[in-house]
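Following the working numbering, the numbering of the sequence shown begins with 251 at its first residue and continues without gaps. Glycine is no exception: its CB is placed at the ideal position from the N, C-alpha and C atoms. Values in this document were obtained by computation on a predicted structure and should not be read as measured data.
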Amino acid sequence: MNSEQLLTRAFELDSTDDLSHWRDRFVIDDPDLSYLDGNSLGMLPRTTVHRLHEVMNEEWGSGLIRSWRKWLELPLIVGNELAPLLGADDGEVVVHDSTSVNLHQLLHAAVRLRPDRSFIAVDAHEFPTDRYAVESVAAQHGLTVVSPGPNERLDGIDLGDCAVVVRSLIDYRSAEVADLFGFTSRARDAGALVIWDLSHAVGAIELDLHAAQVDLAIGCTYKFLNGGPGAPAFSYVRSNLIEEVDQPIRGWFGQDDQFAMDGAWSPKPGIGRLMIGTPSILALEAARCGIELCAEAGMPSIAAKGRALTDFAHACCDELNLESISPRDASNRGAHIAVRHPHAKDVVERLERECSVIADYRDPDLVRLGCSALTTRFGDVARAVNQLAGIAHDRV
Ligand SMILES: Cc1ncc(COP(=O)(O)O)c(C=O)c1O
């Protein structure tokens, strides 16, 4: 197929797409813009604009301090709303702070749960925050860091003396999906804990943390959940472990009797013990709106469209001689694809400047095309890959 035929095929796919009307639920400032970066920052839902006005005017403006009566529990309420998207239960998820902070918190807690072990494992190519957190927590506890060599995988390492592994479920570069069930089970058999980073998975693929017997997870809400820039992240702890978690970053929001204001630290029962300080209520309400949209559209439909969009992106790349490093098997892939090009940064800049296409790049040579089921059109994918091919072949 040539470029014209790919565009025609894309319009056919858009016209039969059951989720196409969801795009109307988002703020679209420029209908001609092809936005393929929802894997970094999801688009703004219309309900968020309305809800934030409401919260500002009614709850903050009129309610003033009285609104804290309802705000105090908001991280737990939003956590319960997010839980079904993770395959978790009420009381296992709290929405708070940032992914980086939450990872530090759960890493300390996990190491304390495995005091006799000697190392923490993390992939050498893992997202930077995750590697930094592992290095920092390992140093504080006198542990070593084990990272598999360039040709090895975490799947191959001996976990016999491992306290905890930090691992992304979906690789932020290639979009490859790790084996959640198999790896969690192998770690458990070896007595190690795993903290799964779900940042690129939540809101993109179907998750069943319970079925996989996942103990600990963290992730962000500003990518495929459309929670907004800097939206609070989440922590998940399996219910049978939560009372054992020793909260290492103590603050008054994690304290059982928060307003007693005296006495020793006594953590809240349940997942609330992970809360630290005053939550950002406006950001939480924005995250909540994005979570509600995903819940309403349903993860099976969202995940299916993500697979269809990325399948189509691969078909376009094949036709136009572009090399994607993302898995060909859609069940093994998240909701973006990564196209290799030696001048990825320049290509992405030209796409935005000259073609009204927003994508992103990751050093040294990857152009990422994010396919957000609720907002990305097949037409956006065809247009982006066409323009990308034009620029890419121009440069070579
Ligand atoms: C896989 C992964 N982990 C962690 C982070 C860091 O998240 P935060 O900046 O919210 O702490 C990101 C940010 O994009 C990410 O992609």
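Based on Cα-Cα distance, which residue from the options lies nearest to residue i?
| i | options | result |
| --- | --- | --- |
| R578 | S424, R362 and A553 | S424 |
| D280 | I608, A639, A623 and D644 | I608 |
| T266 | R627, T298, L332 and A639 | R627 |
| L532 | N252, H346 and L335 | H346 |
| I240 | E385, D615 and L466 | Absent from the model: residue 240. The displayed extent of the chain is 251 to 646, so no value can be given. |
| R438 | A451, Q463, L419 and V416 | Q463 |
| R618 | I278, G341, V598 and G629 | V598 |
| N537 | Q390, L356, V589 and V344 | The sequence given here places Ala at residue 537; Asn does not occur at that position. It is V344 whose Cα lies nearest to the Cα of A537. |
| D496 | A359, L409, I587 and S485 | A359 |
| G329 | L314, F484 and H391 | F484 |
| T379 | S348, F474, L572 and D274 | S348 |
Under three-state DSSP, which class holds residue i?
| i | result |
| --- | --- |
| A609 | coil |
| S265 | helix |
| R590 | strand |
| G504 | helix |
| V646 | With a pLDDT of only 47 at V646, under the threshold of 50, the placement of this residue in the model should not be trusted; the figure read from the coordinates follows. Coil. |
| Y382 | helix |
| F628 | helix |
| L638 | helix |
| S485 | strand |
| S516 | coil |
| R583 | strand |
Grab the span of the alpha helix (DSSP H) containing residue i for me, first residue to last.
| i | result |
| --- | --- |
| H303 | R296 to E304 |
| R557 | M549 to E569 |
| I492 | S489 to I492 |
Would a check of beta-carbon distances place residue i closer than 8 Å to chain B?
| i | result |
| --- | --- |
| S418 | Any reference to chain B falls outside this structure, which holds one protein chain only. |
Go to residue i, then tell me how far its beta strand (DSSP E) extends in each direction, as first and last residue.
| i | result |
| --- | --- |
| V620 | The sequence shown places Gly at residue 620, not Val. Element bounds for G620: L616 to G620. |
| I468 | L466 to G469 |
| V277 | Per DSSP, V277 belongs to no beta strand (DSSP E) and is neither H nor E. |
| I370 | F369 to V372 |
| said: In chain order, what are the residue ranges of uninterrupted alpha helix (DSSP H) at least 4 long that sit wholly in the region 279-351? | reply: Within the region 279-351, complete alpha helix (DSSP H) segments of at least 4 residues are found at 296-304, 318-321 and 324-336, given in chain order.
| query | When the Cβ atoms of the region 541-555 are set against those of the region 358-374, are three or more pairs found closer than 8 Å? | reply | When C-beta atoms of the region 541-555 are compared with those of the region 358-374, fewer than three pairs fall below 8 Å, so the two segments do not count as touching.
| query | Which ranges does the alpha helix (DSSP H) cover as unbroken runs of at least 4 residues, wholly within the region 387-464, from first to last along the chain? | reply | List check, alpha helix (DSSP H) in window: 430-439.
| Does the count of Cβ pairs from the region 525-543 and the region 495-503 closer than 8 Å reach three? | Flag = yes, the region 525-543 and the region 495-503 touch.
| message | Under 8 Å: do the region 618-633 and the region 291-301 share three or more Cβ pairs, one atom per stretch? | response | Segments in contact, yes.
| query | Three or more beta-carbon pairs under 8 Å between the region 445-460 and the region 251-263, yes or no? | reply | No, the region 445-460 is not in contact with the region 251-263.
| message | Under 8 Å: do the region 550-564 and the region 449-468 share three or more Cβ pairs, one atom per stretch? | response | Touching, per the Cβ criterion.
| Taking contact to mean at least 3 C-beta pairs separated by less than 8 Å, is the region 560-569 in contact with the region 596-611? | No contact exists between the region 560-569 and the region 596-611.
| query | Does the region 632-642 come close enough to the region 567-574 to have 3 or more Cβ pairs within less than 8 Å? | reply | When C-beta atoms of the region 632-642 are compared with those of the region 567-574, three or more pairs fall below 8 Å, so the two segments count as touching.
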